[in-house]
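In the order they appear, the protein sequences are chains A and B.
If you read the first sequence in the numbering used here, its first letter stands for residue 489, the second for the next number, and so on.
If you read the second sequence in the numbering used here, its first letter stands for residue 197, the second for the next number, and so on.
Yeah, the Cβ is synthetic: ideal placement off N, Cα and C, and Gly gets one too.
Each remark here refers to the structure printed beneath this line.
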Amino acid sequence: MAKFQETTRVIVPGQTYAGIDDIVAEPLERDLFKTPRWWWISLSIALPIAGLWLFSVIWLITHGIGIFGNNQPVAWAYPIVNFVWWIGIGHAGTLISAVLLLFRQQWRTSINRAAEAMTLFAVVNAGLYPILHLGRPWVFYWLAPYPNTQGLWPQFRSPLDWDLFAIGTYASVSALFWYIGLIPDFASLRDRAKNSFMKWFYAILSLGWSGSAKAWQRYGRAYLILGAVSFPLVLSVHSTIALDFAVSQLPGWNNTILPPYFVAGAVFAGFAFVLILMIPLRKVYGLKHVITMNHLENSAKMMLATGMIVLYGYALELFMGWYSGVEFERYTYWSRVFGDHGWAFWLLIFFNGLMIQPLWFKSVRTNTKWLFFIAVMVSIGMWLERFVIVIVSLTTDFMPSSWGDFHATFWDRSLYFGTFGVFFTLWLLFIRLFPAIASSEMKELVHHDNSHGHSEVHS
Amino acid sequence: MSKELFGLAAEFNSPEDIIAAAKKASSAGYKKMDAYVPFPIEDLPNALGQKETRLGWVVLGMAIIGALTGFFMQYYANTHYYPLNAGGKPMNSWPNFVIITFEFTILFSAFTSGLFMLGRNGLPRPYHPIFNMEKSGNITNDKFVLCIEAKDQKFNLNKTKDFLASLNPNYVEEVEL
């Protein structure tokens with residue numbers, strides 16, 4: 489494939505409709521045995537890790553929740569930290585596809601599909617955590633209202649039940665949004681398919697899409713509505729998760745700033761993960777003329793903006809702790825910064841606060857190595873943030889006699905490590921079987937580019 | 197047995213060409229026709245004389261139904277079916293019901309818009325007459341096809357064929373049903 493120079497436009501000029509299809513479909517149409525070696529190597533790393541995840545889950549179900557380090561008072565430990573971490577990552581995908589759609593930000597087009605896939609796979613990991621954490625995961629459906637012989641209803645006043653509805657809605661609507669977006673591209677792959685298996689595979693997935701103008705009209709409206717409902721949805725999901733904490737009375741959790749600052753943190757972590765995934769993807773698939781420097785730079789700007797909001801959240805939390813005048817609140821925040829687990833707080837400030845500051849410079853925002861490095865730092869920082877909020881707050885609540893400590897066990901770590909295997913296995917299958925770039929939307933962009941002159945796209 | 201005709205299809209190269217062709221076909225009085233294109237083109241439904249979709253209204257209606265379902269499910273469970281005093285809160289402690297009500301609203305509207313769109317488009321449907329075009333695969337790639345259906349009142353095989361040819365397409369093809 490020809491080399492394209494780096495550009496800050498949305499896409500490199502001079503693309504054709506057929507050319508877009510070629511770019512998008514090329515990696516999918518290769519013979520199974522011509523799948524690039526890096527793909528097999530990555531899969532052979534990801535699959536055993538996913539296996540470790542499966543083994544940990546089986547071990548958990550057969551031996552019970554005691555294999556984790558959870559205790560009293562730290563009843564919410566790694567499972568909730570990791571749950572919040574993964575679902576936060578998912579939020580950037582929805583934000584890119586829905587919010588940028590509504591604001592008509594054209595730069596979303598090249599990366600929305602892959603970002604939505606990231607959302608789905610992150611939600612798979614996130615959604616399973618609270619269920620596995622239940623102790624008796626096989627009766628998780630007791631959270632749902634369903635007709636039962638005991639005549640019982642779930643407790644709708646509990647934030648834990650709100651969680652079920654928020655995450656359930658989020659997972660299913662994200663999957664729908666993603667699939668609806670894929671239908672025209674599946675049709676395109678169906679029509680290009682050379683062998684009968686691929687033709688059959690994509691024909692089923694495309695549901696018989698014909699591309700009629702009437703169908704496109706309804707499709708466009710449905711897609712816009714899905715975007716419009718996903719926007720408040722994504723805000724509500726992470727707010728609900730924040731309410732799991734904020735509704736309780738625990739010092740360090742009972743805080744009105746939690747919902748907005750959780751949402752900002754989610755977007756922050758999500759854009760970092762988008763960068764972690766896109767930088768290698770555009771390189772190995774030769775997509776530098778479609779996923780351009782403009783996309784990376786915009787993601788970096790989003791990361792910087794939301795990162796600063798998160799920093800403000802940290803500062804305000806500490807201030808409110810002091811300003812409340814409540815002894816327990818004051819002590820909690822004091823011990824968060826200077827207590828036994830103070831190292832976690834300072835590392836958090838280092839990763840989330842200090843490490844993003846170079847993003848003020850354009851030379852850093854347009855340097856893929858720097859961006860990748862900072863994105864990894866932010867991901868670690870956001871994990872530490874949840875560690876500080878969940879675990880450190882729980883260790884020292886009200887009465888010193890009820891204080892405790894937390895130590896992660898092997899299974900805590902293996903399950904978390906395993907989720908990466910699950911994520912990357914799904915991700916690798918996705919980029920091999922499904923179009924990672926929304927080709928019909930890209931064609932629309934090419935049409936726009938052709939008919940409205942070659943103006944720079946404002947973003 | 198003579199094959200039944202679905203319509204006459206003409207293939208064009210660009211969005212501008214198909215919009216121009218659709219406008220001419222509309223003003224020539226053709227109604228039962230549709231264009232088949234690789235990506236949504238803003239002015240095309242208008243040029244074909246297609247009405248605005250009513251999807252938005254359907255979704256609004258279902259959103260309201262979703263909100264009512266969500267709220268009254270919780271209201272009924274907490275005040276009538278199984279009143280349970282939790283922390284001395286009133287039985288109808290509606291601020292606690294806001295989130296689930298909201299999620300029901302979103303769930304109903306999202307699935308209505310997705311599934312209603314598919315249903316009205318007749319999907320899933322593995323067969324469509326336009327697939328009988330020899331090069332129908334180009335539609336999802338980079339070609340733009342206008343098809344005037346045989347059901348149209350003004351349809352006349354020879355006249356319509358001449359009319360389509362006058363629009364300067366790549367070719368005109370008879371499409372079987």
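Between the region 802 to 817 of chain A and the region 628 to 637 of chain A, the count of C-beta pairs closer than 8 Å stays below three; the two stretches do not touch.
Taking a cut-off of 8 Å for Cβ pairs, the region 321 to 329 of chain B and the region 690 to 708 of chain A touch, as three or more such pairs fall below it.
The distance from the Cβ of B:L204 to that of B:I344 is about 5 Å, consistent with a contact at the 8 Å cut-off. With fewer than 16 other beta carbons inside 10 angstroms of its own, A:V772 counts as exposed. Scanning the region 524 to 567 of chain A from its first residue to its last, the whole alpha helix (DSSP H) runs of 4-plus residues come out as 525 to 551. Across the region 698 to 717 of chain A, CB contacts with chain B closer than 7 Å involve S698, G699, S700, A701, K702, A703, W704, Q705, R706, Y707, G708, R709, A710, I713, L714, V717, in sequence order along the chain. The DSSP-derived three-state label of A:M843 is coil. For the region 721 to 746 of chain A, the residues whose beta carbon sits under 7 Å from a beta carbon of chain B are, in order, L721, S724, T728. Boundaries around A:L723 are those of the alpha helix (DSSP H), 701 to 734, since no beta strand (DSSP E) includes it. Listed in chain order, the alpha helix (DSSP H) elements of length 4 or more contained wholly in the region 802 to 871 of chain A are 815 to 826, 830 to 836, 850 to 853. Here B:I344 is bridged, per DSSP, to B:L204, B:M229. M269, Q270, A273, N274, Y277, Y278: these are the residues of the region 261 to 278 of chain B whose beta carbon lies less than 7 Å from some beta carbon of chain A, given in chain order. The bridge partners DSSP lists for B:V368 are B:A206. At least 7 Å separates the beta-carbon of A:I553 from that of A:G656. Around the Cβ of A:G869, a 10 Å sphere holds 16 or more other Cβ atoms; the residue is buried. Between A:T856 and A:I767, the C-beta gap is smaller than 7 Å, which places the two residues in contact. Residue-level contact by beta carbon fails for A:Y690 and chain B, as no gap is shorter than 7 Å.
The region 238 to 257 of chain B and the region 302 to 314 of chain B touch, with three or more beta-carbon pairs separated by less than 8 Å. A check of alpha carbon separations from B:L280 across A:S646, A:A586, A:S889, A:G576 identifies A:S646 as the nearest. In the DSSP annotation of this structure, the continuous segment of the alpha helix (DSSP H) that includes A:K771 starts and ends at 746 to 772. Within chain A, the C-beta atoms nearer than 8 Å to that of B:K285 come from R645, in chain order. At least one CB atom of chain A sits nearer than 7 Å to the CB of B:A231.
Taken in chain order, the members of the region 205 to 221 of chain B whose beta-carbon sits within less than 7 Å of a beta-carbon on chain A are P211. For the region 352 to 373 of chain B, the beta-carbon criterion of a distance under 8 Å to any beta-carbon of chain A is satisfied by none of its residues. For the pair A:M930 and A:I508, the CB atoms are nearer than the 7 Å cut-off. Less than 7 Å divides the Cβ of A:D885 from the Cβ of A:P561. By the Cβ-count criterion, B:D239 is exposed, with fewer than 16 other Cβ atoms from all chains shown falling within 10 Å of its own Cβ. Burial is judged here by how many other beta carbons sit within 10 angstroms of a residue's own beta carbon; A:G758 has at least 16 and is buried. Secondary structure at A:E785: helix, using DSSP grouped into helix, strand and coil. For A:R901, the uninterrupted alpha helix (DSSP H) run begins and ends at 898 to 921, by DSSP. Contact between A:F644 and B:N274 holds, with the beta-carbon distance rounding to 6 Å and staying under 8 Å.
In the structure shown, A:D651 falls within a helical segment according to DSSP collapsed to helix, strand and coil. Counting other Cβ atoms within 10 Å of its Cβ, A:F733 reaches 16 or more and is therefore classed as buried.
When the beta-carbon positions are compared, A:S684 and B:T336 stay at least 7 Å from each other. Contacts with chain A at 7 Å (Cβ-Cβ) include B:I302. Against chain A, a Cβ distance below 9 Å from B:Q246 picks out A701, K702, Q705.
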